[in-house]
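Take a look at the structure below.
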Amino acid sequence: MMGLLSAEFLKLRKRLMPRVLLIILLLLIALVFFGFAKSNDRSSISDLVLPNGWLLGLIFVSFFAPFIAPVLAGSWAGSEYSWGTIRMILSRRPDRAQFLLAGIVVLLSAVGIALLASLLLATISSWLATLLLGRSAFDSTAFDGTFIGLFVKLLFSIWLILAFYIVLAFSAGTLFRSGAVGIGVGIGLTLADLILTGIFYNLGGTWRSIADHFPDVYARGLPSQLANGTLSGVSSGRSGLPSVSASILALAIYTLVPLALALILVRYRDVTA
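Just remember that the working numbering sits 3 ahead of the position in the sequence shown, which is counted from 1.
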């Protein structure tokens, strides 16, 4: 397993795609911070002050995760098939399940690195924004045990949301032997989720109950529920959001189901390039 992990980490260090996507993510977060700083809404401006700025940065990551994480994971899983190198790799007889899990572990580690980079950017952005607004950059009274607990919960929750999109796109890329399909399923599901949720909510009744269990409801509602009462400038725009525990459980299930399917099929089916 360690050899497979080393190989995947080597890909992470050498490939340009992860760096490009990280830069895009950081640029998007910086632009949103700038937008908040230019806002006339006092509640939005107050969210920029550290330590709340760290929470704001994490929530921004969750906004962009459905569109960035699938690109990384889908292309990662499908690259060996598109290059025709999957036969050569598996001819060395690594355990197929371990081969798949090694890629996911490395991608989840990359997600953790991206979160740390986002927090660093949030620190710089918050400091610059409050400096331009002539406000104090850090509110020491807000940095207490309650905040630390909230920060840890939100950090884990955003990582879980990213893990869901990573595993979904990676599993789709593996199942269909295509990076394009992996990316398409990851991003397409998000777009379909948003459209169908709006339609089903308008239909009401049973249709609304079905929409309440779509992945997007849990992924967008979880950060809002956690930050409720702390950040006033961020809202999901929906009422009746699921609880934090229900969202975590649902996202865990939505993550494990495609992973289990990919593990089963990659083990028993023939491997073709």
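Where a beta carbon is used, it is the ideal one built from N, C-alpha and C, also for glycine.
Judged by DSSP in its simplified three-state form, F67 adopts helix. According to the DSSP assignment, F217 belongs to no alpha helix (DSSP H), since it is labelled neither H nor E.
In the displayed model, L136 falls within coil according to three-state DSSP, outside both helix and strand. The closest CA to that of L135, considering only D98, A40, P21, is found on A40.
Sorting A76, W57, I27 by C-alpha distance to the C-alpha of A145 places W57 at the top. Here the C-alpha atom of L178 lies approximately 26 angstroms from the C-alpha atom of L25. Secondary structure at F154: helix, using DSSP grouped into helix, strand and coil. In this structure I169 is buried. Its beta-carbon is surrounded by 16 or more other beta-carbon atoms within 10 angstroms. Secondary structure of L244 (DSSP, three-state): coil.
By the neighbour-count criterion, in which 16 or more other beta carbons inside 10 Å mark a residue as buried, Y271 falls on the exposed side.
By the neighbour-count criterion, in which a residue is buried when 16 or more other Cβ atoms sit within 10 angstroms of its Cβ, F63 is buried. Straight-line spacing of the CA atoms in A100 and A80 works out to 13 angstroms. Contact annotation: the region 177 to 195 touches the region 67 to 80, with at least three C-beta pairs closer than 8 angstroms. If you check the CB distance, L163 and I251 come in under 8 angstroms. Assignment of L53 by DSSP, reduced to helix, strand and coil, places it in the strand class.
A Cβ-Cβ separation of about 5 angstroms places Y221 in contact with L254 under the 8 angstroms criterion. Cβ-Cβ distances below 8 angstroms link S246 to Q228 in the same chain, with the five nearest sequence neighbours on each side left out; the list follows chain order. In the structure shown, the three-state DSSP call for F179 is coil. When the Cα atoms are used, I202 and D219 turn out to be separated by approximately 14 angstroms. Under DSSP, F39 takes part in no beta bridge, so it has no partner.
When DSSP reads this structure, F141 sits in a beta bridge with L53.
Taking C-beta atoms as the reference points, A120 and L29 count as a pair closer than 8 angstroms.
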